[in-house]
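Numbering (the numbering used here), first residue to last: 11 to 246.
For every residue, glycine included, the Cβ atom is placed at its ideal position computed from N, Cα and C.
Below is one structure, written out as structure tokens, with a few remarks after it.
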Ligand SMILES: Nc1nc2c(ncn2[C@@H]2O[C@H](COP(=O)(O)OP(=O)(O)OP(=O)(O)O)[C@@H](O)[C@H]2O)c(=O)[nH]1
Ligand SMILES: [Mg+2]
């Protein structure tokens, strides 16, 4: 048993979703095995498949909330995560994708780091399993490099893999930043962690957790040229 004695009631797992009916139930089951008694918020942007039905019908030990953003004016991964953070009633949160690309087994490690006093724990992709098209690999490296350069020039905190969608942090510091600067985030974009680091002024105590990234096996990617363009614009 680890230091938390298997109780994660001070942690909220945030999962942004858009049409993830093929994976969401398995993901919720896996979370329950790795981290029982935590809170989960599925922040959904109006999926037109069975995602909502599956989440609302899921029964288990964890407290699961479906945040229905269907009728919101602005849609996007980043704003879905920000809205979910504002709903968090726990000291800590962790963000992960809904398509099983992030390993639930690593979540206890993120939580331990937060309990040790780190402000931000960032996932660091050390290996990609499966077929990742060359252009995606290339884009990821270029974006990583430029993202870090942009933060370095601004003298901001940085993380090893600025493109990661898997990270955990303290709710209070994010809530404070969102309250003051929500419109400065690229709300329809994908890189919520990068935006936060760009906007956050104080020194952060940062730690990393290495993980193996799986390529998408089910459902469809939502990455498109508009999302990529938004990120490159946000570098400047
Ligand atoms: N709420 C919300 N979730 C989104 C949106 N776009 C994507 N997502 C979710 O965010 C997560 C990451 O999106 P993906 O399309 O998997 O992006 P990716 O992992 O970078 O790309 P792939 O490797 O191709 O899967 C998934 O859980 C998506 O369902 C959106 O506009 N709103
Ligand atoms: Mg994905």
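Along the chain, where does the alpha helix (DSSP H) containing residue i start, and where does it finish?
i           : result
residue 110 : Counting along the chain, residue 110 falls outside any alpha helix (DSSP H), and DSSP gives it neither H nor E.
residue 27  : Careful: residue 27 lies outside any alpha helix (DSSP H), inside the beta strand (DSSP E) at 21-27.
residue 158 : 144-163
residue 74  : Run containing residue 74: none in the alpha helix (DSSP H); it sits in the beta strand (DSSP E), 73-78.
Give the secondary structure of residue i by DSSP, where H, G and I count as helix, E and B as strand, and everything else as coil.
i           : result
residue 130 : strand
residue 119 : helix
residue 179 : strand
residue 246 : coil
residue 238 : helix
Buried or exposed: where does residue i fall if 16 or more other Cβ atoms within 10 Å of its Cβ makes it buried?
i           : result
residue 13  : Below a pLDDT of 50, predicted positions are generally treated as unreliable, and residue 13, at 43, falls in that range; no measurement from the model is reported.
residue 65  : buried
residue 227 : exposed
residue 193 : exposed
residue 152 : exposed
residue 11  : Confidence is the limiting factor: at residue 11 the pLDDT is only 38, short of 50, which leaves the residue's position unreliable, though a coordinate-based value still follows. Flag for residue 11 reads exposed.
residue 239 : exposed
Does the Cβ-Cβ distance between residue i and residue j come in under 9 Å?
i           : j           : result
residue 223 : residue 209 : no
residue 201 : residue 157 : yes
residue 198 : residue 85  : yes
residue 80  : residue 108 : no
residue 99  : residue 22  : yes
Between residue i and residue j, which are expected to be in contact by the criterion C-beta below 8 Å, what is the C-beta distance as a whole number of angstroms?
i           : j          : result
residue 115 : residue 70 : That pair is no contact at about 17 Å.
Tell me which residue opens and which closes the beta strand (DSSP E) that residue i is part of.
i           : result
residue 223 : 216-224
residue 49  : 49-54
Worksheet item: Can you list every residue whose CB sits closer than 7 Å to some heavy atom of ligand 4, going in chain order?
Response: Of the ligands one can find in the structure shown, namely ligand 1 and ligand 2, none is ligand 4.
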